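Following: one structure in structure tokens, then a few remarks.
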Amino acid sequence: MKAPILIIKKLPAAGMAIFPFILVKSAYLKKDQEIINHEKIHLRQQLELLILPFYTFYLFNYLINLIKYQNHDLAYRNIIFEREAYKHETDLDYLKKGNWFGWLRNWKR
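Reading the sequence shown from the start, the letters are residues 2 to 110 in my numbering.
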């Protein structure tokens, strides 16, 4: 998947995927294969859910996790979409292998 990568210096995270773009905080992160792969996984997830529902479900899952864990970092890391992206960010062939709707496997631990 080829996605335009934009540098946004005031980005609140190292990287972010907002379909169809990958946003990174600095130029050197454009070459960080793991961050780019992580964000490409999010782009795939956004396509799987037809983009807008992804953002709604992502926010809803975060808010439920925030109530559950009472901690931003734990709530964020346990969003089902983040679980898939973090789990496979080092596998640069993950998206080529298919794995559509892989985030569903992270529904329950």
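Backbone N, C-alpha and C define an ideal beta-carbon position, used for all residues, glycine too.
The structure displayed is predicted, hence computed values, not measured ones.
Point to revise | Nearest candidate by alpha-carbon position, reference L60, set G103, W101 and I81 | key: By 1-based counting over the sequence shown, the position of residue 60 is 59. The residue with the shortest Cα to Cα distance from L60 is I81.
Practice item. Report yes or no: do three or more beta-carbon pairs, one from the segment 46-53 and one from the segment 63-72, lie closer than 8 Å? Key: no
Review point. CA-CA distance, I37 and I23?
Key: As a working mapping, residue 37 is identified with position 36 in the sequence shown. As a working mapping, residue 23 is identified with position 22 in the sequence shown. Looking at the two C-alpha atoms, the distance is approximately 8 Å.
Exercise for review: Report the partner residues of A76 according to the DSSP bridge assignment.
Suggested key: Here residue 76 is taken as the residue at index 75 of the sequence shown, counted from 1. DSSP output for A76 lists no bridge partner at all.
Exercise for review: Tell me T24's beta-bridge partners as DSSP assigns them.
Suggested key: In the sequence shown, counting from the first residue as 1, residue 24 sits at position 23. Looking at the sequence provided, one finds Leu at residue 24 rather than Thr. The partner list for L24 (beta bridge, DSSP) reads L7 and M17.
Review point. Does the count of Cβ pairs from the segment 40-49 and the segment 7-22 closer than 8 Å reach three?
Key: yes
Check your understanding: In terms of residues, what are the limits of the alpha helix (DSSP H) holding A85?
Key -> The residue you call residue 85 lines up with position 84 of the sequence shown. Note on identity: in this sequence residue 85 is Glu, with Ala being the wrong assignment. I81 to H89 is the span of the alpha helix (DSSP H), which, as asked, contains E85.
Exercise for review: Give the straight-line distance between the Cα atoms of W101 and E49, rounded to the nearest whole angstrom.
Suggested key: Translated into the one-based positions of the sequence shown, residue 101 becomes position 100. Translated into the one-based positions of the sequence shown, residue 49 becomes position 48. For W101 and E49, the distance between alpha carbons rounds to 7 Å.
Check your understanding: DSSP three-state call for I100: helix, strand or coil?
Key -> Here the question's residue 100 lines up with position 99 in the sequence shown. First, the residue type needs correcting, since residue 100 is Asn and not Ile in the sequence shown. The answer is coil: DSSP assigns N100 none of H, G, I, E or B.
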